Amino acid sequence: MINKIIEALCLALIANGALAAEDESAWTSQLKDQFFAGRTITESDAVIDLDAPYRAEDPALVPLKIISKIPQTNDKYIKKILVLVDKNPFPYVGEFEFTPDSGKADLAMRVRVNTYSFVRAIAETNDGKLYMSKKFVKASGGCSAPIGADLDAAMKRLGKAKFRLSDNIKPGEANEAQLFISHPNITGMQMDQVTRFVKKSHFVNRVNVSFNDKPILTAKTDIAISADPNFRFYFIPEKNGILKAEFTDISCQSPTSRANCKAGQSFTETLAIKP
Amino acid sequence: MRYLIIAISSFFCIETHAGVVLSIEQVADGIYVHQGKHEWPDHKNHGAIANIGFIVGERCVAVIDTGGNPEEGKSLKRAIAKTTGKPICYVINTHVHPDHIFGNIAFKEPGTQFVGHHKLARAMAARGQFYIDKAEDQIGMALSAEHIIPPDIEVEKTLLLDLGGRELLLTAHPTAHTDNDLSIYDQKTDTLWLGDLFFIGHLPTLDGSLKGWLAELMELERKSFKQVIPGHGPVVTDWPKSLEPQKRYLGTLLTEIRKMIRNGKFIEDAIEQVGYEFKGEWLLFDEFHKKNVTAAFAELEWED
Ligand SMILES: [Zn+2]
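So the protein lines, in turn, are chains A and B. For the first sequence, the numbering used here begins at 911 and goes up steadily by one. For the second sequence, the numbering used here begins at 135 and goes up steadily by one.
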């Protein structure tokens, strides 16, 4: 009898586990309305194409790449891209605004993926149309977790930033730039049982990049961005100028609500560009 | 069909009710080790993959790591009871990873104190819920908050634990494999229990700092020990020679990734290109290598 019960229990455990189905319910039942109530979204990789690894090798750092398929011209351009991780405790990764001066609305970043989930990017073009590209990402499990590995090292460097560009910048063309921000981007997710270490969420919430004061990339970001936020984007340097990143952080009482937050510090990083 | 199901549901489930006694081996006078298998934690092994064990003094016993699930903890406890009548005074966790801490609950009773690195509780608070949420899917075990048991005694730098006629020297290491690695040195037998600072056969997994880990290994290899117990793999008696493969792997990650960063390469390039010559040399390479490169790259790109 006991044998039977234990066997049944074991079977129940096995049947319950390993559910990696490609489930879109979070999007269809909630997120779509939350962000795009009443609007039509075309599912297509013809405007932007989201590239994500099928397996999240490190849940704390999943590299995402958004490749734009249309040029940024004054007549038609990608105005904004929203990125979501459906099944994260706080699905909103960020919103990224581009201009014709961006040259190309490509964007690479690193995100946290807590579990098996769709990652999706929805682009809005300047005519108000919406296009969505999505990828299913399998969480990898193992021993790592979707937080930074060395919090103290990250705290020590907090606020440091740097740009990196290729050595030969081509004037008048879209050039890729990489912005590194050092910040632990603390999620605030933690076990209340181990209360000695209550840490509110504390993360980079705004990143504005400009070239000679013209906006290139304007981002709102959240806790799904990996520790040490890292962005790659494009801009067009016609002549010498200053590439500037301004960013701020914020601290919120709850990891999953933005109702009660306190603004933090502001930081600036600049780089002289001589094409 | 029924037999197939039983086989799939694994030896662990079948044996649970029989009161399984964990297999252990005495590797030195009073030091007992259960050697875990090099496997990905899954529904068959229920996360029971790490080396765990205990050290017996004249007065009492210190447990070192408790296994990947509560049942493994219980079967370790049975093995201790079969070996000695002495009480368990300490449970030492070498670090936060689930295969080392999820047997803790089997030892929670008056008179037993949990011991860990001073950053272990913080790591448990930050990761505990995630590990619990994943446990059912990954290892087929329903775990809850009670399974996260933080240390009663925190080691800031070093600490001597007296088991009666036997002193253990505990060392809290700077960030290496994780940011909460603790090693245990038994003076009586000149044995060092290194936990996951040391891997044999199972690909080393980086969840702390690559530079920090290599620096710790440089310190450790200068010393001699009669025996060293890794977190995964067999007990060795040829220290520091047996450390070479791990040093080579981690050292190559450091030099190759630095080179890629200097050459303006991106993290995706490194993930696809660095370190694949080691594939045949380590078990679980496919499961952990890309994660290691990812973590190392993110660390090294902040070097000036
Ligand atoms: Zn470990």
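Even for Gly, the Cβ is constructed at its ideal location relative to N, Cα and C. From a predicted model like this one, the values you see are computed outputs, not experimental measurements.
Any chain A beta carbon closer than 8 Å to residue i
{"i": "B:TRP436", "result": "yes"}
{"i": "B:GLY153", "result": "no"}
{"i": "B:GLU290", "result": "no"}
{"i": "B:THR200", "result": "no"}
{"i": "B:MET258", "result": "yes"}
{"i": "B:SER343", "result": "yes"}
{"i": "B:GLU206", "result": "no"}
{"i": "B:PRO338", "result": "no"}
{"i": "B:GLU421", "result": "yes"}
{"i": "B:ASP313", "result": "yes"}
{"i": "B:ALA349", "result": "no"}
{"i": "B:ALA432", "result": "yes"}
{"i": "B:GLY409", "result": "no"}
{"i": "B:PRO284", "result": "yes"}
{"i": "B:PHE188", "result": "no"}
{"i": "B:GLY398", "result": "yes"}
8 Å Cβ cutoff, residue i in contact with chain B
{"i": "A:VAL1104", "result": "yes"}
{"i": "A:CYS1053", "result": "yes"}
{"i": "A:ILE1079", "result": "no"}
{"i": "A:LEU971", "result": "yes"}
{"i": "A:LEU1181", "result": "no"}
{"i": "A:LEU1089", "result": "no"}
{"i": "A:PRO1165", "result": "no"}
{"i": "A:GLU1083", "result": "no"}
{"i": "A:LEU1212", "result": "What is shown of chain A runs 911 to 1185, which leaves residue 1212 of chain A out entirely."}
{"i": "A:GLU934", "result": "no"}
{"i": "A:PHE1177", "result": "no"}
{"i": "A:ASP943", "result": "no"}
{"i": "A:GLN861", "result": "In this structure chain A extends from 911 to 1185, so residue 861 of chain A is not present and cannot be described."}
{"i": "A:ASP996", "result": "no"}
{"i": "A:ASP1132", "result": "no"}
{"i": "A:ASP1138", "result": "yes"}
Integer Cβ distance of residue i from residue j, believed to fall under 8 Å
{"i": "B:LYS381", "j": "B:LEU351", "result": "6 Å"}
{"i": "A:SER1012", "j": "A:PHE1145", "result": "6 Å"}
{"i": "A:LEU1075", "j": "A:VAL1119", "result": "Between A:VAL1119 and A:LEU1075 the Cβ distance is about 12 Å, and since that is not below 8 Å, they are no contact."}
{"i": "A:ILE991", "j": "A:ILE980", "result": "Contact flag wrong, Cβ pair sits at about 12 Å."}
{"i": "B:LEU304", "j": "B:LEU293", "result": "5 Å"}
{"i": "B:THR309", "j": "B:GLN361", "result": "Actually they do not touch by this definition, with Cβ atoms about 26 Å apart."}
Simplified DSSP state of residue i, which is helix, strand or coil
{"i": "B:ILE158", "result": "coil"}
{"i": "B:HIS234", "result": "helix"}
{"i": "A:GLY1082", "result": "coil"}
{"i": "B:MET133", "result": "The question about residue 133 of chain B has no answer, for chain B in this structure spans 135 to 438."}
{"i": "B:LEU297", "result": "coil"}
{"i": "A:HIS1112", "result": "strand"}
{"i": "B:GLU290", "result": "coil"}
{"i": "B:SER209", "result": "helix"}
{"i": "B:ALA141", "result": "The predicted model places B:ALA141 with a pLDDT of 41, which falls under 50 and marks its position as unreliable, so this point remains unresolved."}
{"i": "A:ARG1142", "result": "strand"}
{"i": "B:SER278", "result": "coil"}
{"i": "A:SER1054", "result": "coil"}
{"i": "B:ILE148", "result": "Any reading at B:ILE148 needs caution, since the residue's pLDDT is 40, under 50, leaving its predicted position unreliable; the model's value is listed next. Correct three-state label for B:ILE148: helix."}
{"i": "B:ARG261", "result": "helix"}
{"i": "B:GLY516", "result": "Because residue 516 of chain B is not part of the residues shown, which for chain B are 135 to 438, the question remains open."}
{"i": "B:LEU337", "result": "coil"}
{"i": "B:PHE359", "result": "coil"}
Start-to-end residues for the alpha helix (DSSP H) that takes in residue i
{"i": "B:ARG396", "result": "378 to 396"}
{"i": "A:GLN944", "result": "942 to 946"}
{"i": "A:MET1065", "result": "1061 to 1067"}
{"i": "B:LYS425", "result": "419 to 434"}
{"i": "A:GLU1156", "result": "Unbroken run through A:GLU1156 is the beta strand (DSSP E), 1151 to 1162; no alpha helix (DSSP H)."}
{"i": "B:ALA404", "result": "401 to 407"}
Beta-carbon neighbours of residue i, restricted to chain A and to distances below 8 Å
{"i": "B:HIS231", "result": "CYS1053"}
{"i": "B:GLU390", "result": "Near B:GLU390 there are no residues of chain A at all, since even the closest Cβ is about 17 Å away, more than 8 Å."}
{"i": "B:PRO244", "result": "The premise fails here: B:PRO244 is roughly 19 Å from chain A at the closest Cβ pair, so nothing lies under 8 Å."}
{"i": "B:ARG261", "result": "ALA1055, ILE1057"}
{"i": "B:ILE287", "result": "Correct list: empty, because the minimum Cβ distance to chain A is about 14 Å."}
{"i": "B:ALA306", "result": "Neighbours of B:ALA306 on chain A: none; closest Cβ ~13 Å, over 8 Å."}
Boundaries of the beta strand (DSSP E) in which residue i is found, first to last residue
{"i": "A:LYS1044", "result": "1040 to 1049"}
{"i": "A:LYS990", "result": "988 to 995"}
{"i": "A:ILE951", "result": "951 to 953"}
{"i": "B:GLY250", "result": "247 to 251"}
Partner residues on chain B for residue i, Cβ-Cβ distance less than 7 Å
{"i": "A:ARG1067", "result": "TRP436"}
Per-residue contacts from residue i into chain A (C-beta, under 7 Å)
{"i": "B:ILE401", "result": "PRO973"}
Where residue i meets chain A, residues with beta-carbon distance less than 9 Å
{"i": "B:PHE332", "result": "Going along chain A, no residue has its Cβ under 9 Å from B:PHE332, so there is no contact; the nearest lies around 15 Å."}
{"i": "B:THR309", "result": "ALA1059, ASP1060, ASP1062, ALA1063"}
Beta-carbon neighbours of residue i, restricted to chain B and to distances below 8 Å
{"i": "A:ASN1122", "result": "Simply none; closest approach about 24 Å."}
{"i": "A:ASP968", "result": "LYS424, LYS425, THR428, ALA429"}
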